[in-house]
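Take 1 as the starting number for the sequence shown in full-length UniProt numbering and just add one per residue.
Just so it is clear, CB atoms sit at the ideal spot from N, CA and C, and this is done for glycine as well.
Comments concern the structure below.
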Amino acid sequence: MRTTAIYILVFLFIIPSKKGFANLKPDDFKKFIVVIDAGHGGHDPGKNTRNGIKEKDIALKIALLIGDELQKRKDIEVIYTRKTDVFIGLEERGHIANRAEADLFISVHCNAHNSQASGAETYVLGLHRNKTNFEVAKAENEVIYLEDNYEEKYAQYNLNSPESVIGLTLMQEEFLDQSIQLASYVQDNFRQKLKRKDRSVKQAGFVVLHQTVMPSILIETGFITNNDEGRFLNSSSGQREIAHAIAQAVEKYKENVLTNNFLGLQKEVPVAEVKDVVVAGAIFKVQIAASSKSVDPKPYNFKGLRGISRSKEGKLYKYYYGDTSNYTEIERMLREAQAKGYKTAYIVAFKNGIKQNANDFINKS
Numbered sequence: 001m002r003t004t005a006i007y008i009l010v011f012l013f014i015i016p017s018k019k020g021f022a023n024l025k026p027d028d029f030k031k032f033i034v035v036i037d038a039g040h041g042g043h044d045p046g047k048n049t050r051n052g053i054k055e056k057d058i059a060l061k062i063a064l065l066i067g068d069e070l071q072k073r074k075d076i077e078v079i080y081t082r083k084t085d086v087f088i089g090l091e092e093r094g095h096i097a098n099r100a101e102a103d104l105f106i107s108v109h110c111n112a113h114n115s116q117a118s119g120a121e122t123y124v125l126g127l128h129r130n131k132t133n134f135e136v137a138k139a140e141n142e143v144i145y146l147e148d149n150y151e152e153k154y155a156q157y158n159l160n161s162p163e164s165v166i167g168l169t170l171m172q173e174e175f176l177d178q179s180i181q182l183a184s185y186v187q188d189n190f191r192q193k194l195k196r197k198d199r200s201v202k203q204a205g206f207v208v209l210h211q212t213v214m215p216s217i218l219i220e221t222g223f224i225t226n227n228d229e230g231r232f233l234n235s236s237s238g239q240r241e242i243a244h245a246i247a248q249a250v251e252k253y254k255e256n257v258l259t260n261n262f263l264g265l266q267k268e269v270p271v272a273e274v275k276d277v278v279v280a281g282a283i284f285k286v287q288i289a290a291s292s293k294s295v296d297p298k299p300y301n302f303k304g305l306r307g308i309s310r311s312k313e314g315k316l317y318k319y320y321y322g323d324t325s326n327y328t329e330i331e332r333m334l335r336e337a338q339a340k341g342y343k344t345a346y347i348v349a350f351k352n353g354i355k356q357n358a359n360d361f362i363n364k365s
């Protein structure tokens with residue numbers, strides 16, 4: 001009975017009542033900002049086919065359809081890097097997202113090959129894992145040569161070297177975990193709902209992703225050079241299906257991954273209501289970063305935060321702030337981490353050494 005009472009108390013503090021939602025004003029919510037980037041444009045056609053299909057045209061149509069669907073939700077704001085057939089430099093695309101303080105950046109593209117290769121794949125920023133990934137990134141990155149002063153703008157990039165390390169810092173890899181999660185949702189929808197060939201989630205050094213400071217993905221929606229897939233990509237019905245699958249992935253990401261932000265709800269809890277909520281059998285931590293690099297968990301590497309722990313999960317190192325069974329305390333530490341600049345930090349729970357979403361942990365216990 002005591003444990004049950006604790007969980008009820010937790011829900012009272014972290015989930016607003018239906019009556020509370022009814023009385024909220026639109027200004028009480030911070031909109032979730034999604035920047036949608038249609039690849040190429042203007043004098044940069046992207047990939048072409050012999051029958052005149054252009055990557056830039058398909059990417060723009062799909063991007064606009066994604067935005068149309070997402071904008072039906074009042075809690076989502078959509079910003080486009082381009083809405084017409086114009087040329088936008090890779091650096092500027094990232095700057096558009098950064099200036100908007102976007103929550104997500106999604107770049108839409110089409111693939112091409114000299115064979116009948118097919119399937120969709122979604123990329124997150126990372127090192128070139130193999131020659132194929134490198135060639136895909138290189139093809140998309142070569143648009144920089146169409147920009148003015150590209151030698152100065154992109155001096156740190158060596159597009160001709162698969163071993164080129166594109167200055168991946170911990171700050172830029174802070175969003176890798178979230179980017180992979182969103183990319184996985186996209187690929188799941190392509191495979192399960194559209195029955196498309198799944199070429200999986202991959203990492204490569206895309207310049208456009210390197211410019212952003214939020215979870216970011218680049219989607220190769222399919223091969224315009226494949227006879228069947230090219231027709232699908234160039235059709236209105238195919239574009240609507242692809243856009244719908246991507247929009248649903250964004251909505252799932254927003255609901256499932258960012259649950260600790262409660263749709264951006266800014267709810268002030270009176271001091272009198274705040275009590276320590278200790279959950280027996282749980283250890284709560286704030287996940288602040290994920291990286292393929294092993295970084296010494298010292299305060300100077302994490303903006304002065306003390307008590308950072310590190311664990312390796314698969315190929316990634318996860319970095320956590322805090323270690324407590326007191327849910328009230330970990331919420332305070334989450335706010336502290338976010339104030340330090342870790343805007344996408346979130347609370348996770350460990351039970352018997354197994355990590356799970358904090359809300360799921362409470363629900364299942």
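**Report entry** Three-state secondary structure assigned by DSSP to T84
**Finding:** Looking up residue 84 in the sequence shown gives position 84. In this structure, T84 counts as coil in the three-state DSSP scheme.
Span of the beta strand (DSSP E) around A38: Position 38 of the sequence shown, counted from the first residue, corresponds to residue 38. It spans F32 to A38 - the beta strand (DSSP E) in which A38 sits, taken as one unbroken run.
### Message
Below 8 Å on the Cβ atoms is my contact criterion, and I expect G307 with G322 to pass it. Report the Cβ-Cβ distance as a whole number of Å.
### Response
Along the sequence shown, read from residue 1 onward, the residue named residue 307 stands at position 307. Along the sequence shown, read from residue 1 onward, the residue named residue 322 stands at position 322. Confirmed, Cβ separation roughly 7 Å.
Practice task
Give me the Cβ distance between I36 and V78, rounded to the nearest whole Å; I'm assuming they're in contact under 8 Å.
Solution key: Taking the sequence shown and counting its residues from 1, the one referred to as residue 36 is at position 36. Taking the sequence shown and counting its residues from 1, the one referred to as residue 78 is at position 78. Indeed, because the Cβ distance is near 6 Å, the residues count as touching under 8 Å.
Residue burial classification, D228 (beta-carbon count within 10 angstroms, cutoff 16): Within the sequence shown, residue 228 is the residue found at index 228, counting from 1. Exposed, because fewer than 16 other Cβ atoms sit within 10 Å of the Cβ of D228.
- Item | Length of the line joining the Cα atoms of H95 and F87 | If you number the sequence shown from 1, residue 95 lands on position 95. If you number the sequence shown from 1, residue 87 lands on position 87. If you take the alpha carbons of H95 and F87, they lie about 15 Å apart.
Review point. Do K61 and H40 have their C-beta atoms closer together than 7 Å?
Key: Sequence index remark: in the sequence shown, residue 61 carries index 61 (1-based). Sequence index remark: in the sequence shown, residue 40 carries index 40 (1-based). No; because the gap between Cβ atoms is not below 7 Å, this pair is not in contact.
Q211 to L90 span [Cα, whole Å]
As a first step, residue 211 must be located in the sequence shown, where it is residue number 211. As a first step, residue 90 must be located in the sequence shown, where it is residue number 90. Cα-Cα distance, rounded: 8 Å.
* Asked: If you count every other CB in all the chains shown that lies within 10 Å of the CB of I242, and 16 or more means buried, which is it?
  -> What you label residue 242 is simply residue 242 of the sequence shown in a count that begins at 1. With 16 or more other Cβ atoms within 10 Å, it is buried.
Tell me the residue span of the alpha helix (DSSP H) that contains G46.
As a position in the sequence shown, residue 46 is number 46, starting the count at 1. Taken as a continuous stretch (DSSP letters only), G46 belongs to no alpha helix (DSSP H), as it is neither H nor E.
Between the C-alpha atoms of N111 and K303, what's the straight-line distance to the nearest angstrom?
-> Sequence index remark: in the sequence shown, residue 111 carries index 111 (1-based). Sequence index remark: in the sequence shown, residue 303 carries index 303 (1-based). In a straight line, the C-alpha of N111 is about 40 Å away from that of K303.
### Cross-strand partners of Y185 (DSSP beta bridge)
Taking the first residue of the sequence shown as 1, we reach residue 185 at position 185. Bridge partners of Y185: none, in fact.
Practice item. Count the other CB atoms, across all protein chains shown, that sit within 10 Å of the CB of T344; report buried if there are 16 or more and exposed otherwise. Key: Along the sequence shown, read from residue 1 onward, the residue named residue 344 stands at position 344. The residue is buried, with at least 16 neighbouring Cβ atoms inside 10 Å.
Three-way DSSP call (helix, strand, coil) for Q71 in this model | In the sequence shown, the residue the question calls residue 71 occupies position 71. Q71 falls in the coil class under three-state DSSP.
Between the alpha carbons of G353 and N256, how many angstroms are there, rounded?
Along the sequence shown, one-based indexing puts residue 353 at 353. Along the sequence shown, one-based indexing puts residue 256 at 256. Distance between the alpha carbons of G353 and N256: 22 Å.
query = From V34 to K202, what does the alpha carbon distance come to, in whole angstroms?
reply = Taking the first residue of the sequence shown as position 1, residue 34 is located at position 34. Taking the first residue of the sequence shown as position 1, residue 202 is located at position 202. Distance between the alpha carbons of V34 and K202: 21 Å.
Proximity of K47 and I224 at Cβ, strictly below 7 Å | Indexing the sequence shown from 1 puts residue 47 at position 47. Indexing the sequence shown from 1 puts residue 224 at position 224. Yes, Cβ-Cβ distance for K47 and I224 is below 7 Å.
Where A349 and Y319 are concerned, what is the direct C-alpha to C-alpha distance, given to the nearest angstrom?
Position 349 of the sequence shown holds residue 349. Position 319 of the sequence shown holds residue 319. Approximately 14 Å between the Cα atoms of the pair.
Proximity below 7 Å, CB of A249 to CB of V186: By 1-based counting over the sequence shown, the position of residue 249 is 249. By 1-based counting over the sequence shown, the position of residue 186 is 186. The answer is yes: Cβ separation under 7 Å.
| task | Could you tell me the distance, in whole angstroms, from the CA atom of G52 to the CA atom of A100? | result | Along the sequence shown, read from residue 1 onward, the residue named residue 52 stands at position 52. Along the sequence shown, read from residue 1 onward, the residue named residue 100 stands at position 100. Going from the Cα of G52 to the Cα of A100 covers about 35 Å.
request  = Could you check what DSSP says for E77 in three-state terms: helix, strand or coil?
outcome  = As a first step, residue 77 is located in the sequence shown; it is residue number 77 there, counting from the start. Strand, per DSSP.
Exercise. With distances taken Cα to Cα, identify the nearest neighbour of A63 among R82, I76, R73 and K72.
Key: Counted from its first residue, the sequence shown places residue 63 at position 63. The shortest Cα separation from A63 among R82, I76, R73 and K72 belongs to R82.
- Message: So the candidates are E220, I347, G314 and R231; which of them puts its Cα closest to the Cα of N326?
- Response: Here residue 326 is taken as the residue at index 326 of the sequence shown, counted from 1. The residue with the shortest Cα to Cα distance from N326 is I347.
- prompt: Does D57 come within less than 7 Å of chain D when only Cβ atoms are used?
  reply: Considering every chain present, this structure includes no chain D. It has just one protein chain.
Review point. Which two residues bound the contiguous beta strand (DSSP E) that contains K318?
Key: Position 318 of the sequence shown holds residue 318. From DSSP, the beta strand (DSSP E) with K318 extends over L316 to T324.
### Message
E69 and E220 - do their beta-carbons sit closer together than 7 Å?
### Response
Position 220 of the sequence shown, counted from the first residue, corresponds to residue 220. Position 69 of the sequence shown, counted from the first residue, corresponds to residue 69. Not closer than 7 Å, so no.
On the three-state DSSP scale, how would you describe D57?
Numbered from its first residue, the sequence shown carries residue 57 at position 57. DSSP places D57 in helix when its eight states are reduced to three.
- Where do the N-terminal and C-terminal ends of the alpha helix (DSSP H) with N256 fall, by residue? Reading the sequence shown from its first residue, position 256 is the one you call residue 256. S236 to N256 is the extent of the alpha helix (DSSP H) around N256.
(request) Have a look at K193 and G222 and give me their C-alpha separation to the nearest angstrom. (result) The count along the sequence shown starts at 1 and reaches residue 193 at position 193. The count along the sequence shown starts at 1 and reaches residue 222 at position 222. Rounded to the nearest angstrom, the two C-alpha atoms are 15 Å apart.
### Query
According to the neighbour-count rule (16 or more other Cβ atoms, all chains shown, within 10 Å of its Cβ), is H109 buried or exposed?
The sequence position of residue 109 within the sequence shown is 109, counting from 1. It counts as buried.
Checklist line | Exposed unless 16 or more other CB atoms sit within 10 angstroms - verdict on S179 | finding: Counted from its first residue, the sequence shown places residue 179 at position 179. With 16 or more Cβ atoms within 10 Å of its Cβ, S179 is classed as buried.
query = Can you tell me whether D296 is buried or exposed, with buried defined as 16 or more other CB within 10 angstroms of its CB?
reply = Counting from one through the sequence shown, the residue named residue 296 turns up at place 296. It counts as exposed.
Strictly by DSSP, which residues pair up with V201? By 1-based counting over the sequence shown, the position of residue 201 is 201. In DSSP, V201 forms a bridge with T122.
- Task: Quick one: using the 10 Å Cβ neighbour count with 16 as the cut-off for buried, is N114 buried or exposed?
- Result: Working through the sequence shown from its first residue, we reach residue 114 at position 114. It counts as exposed.
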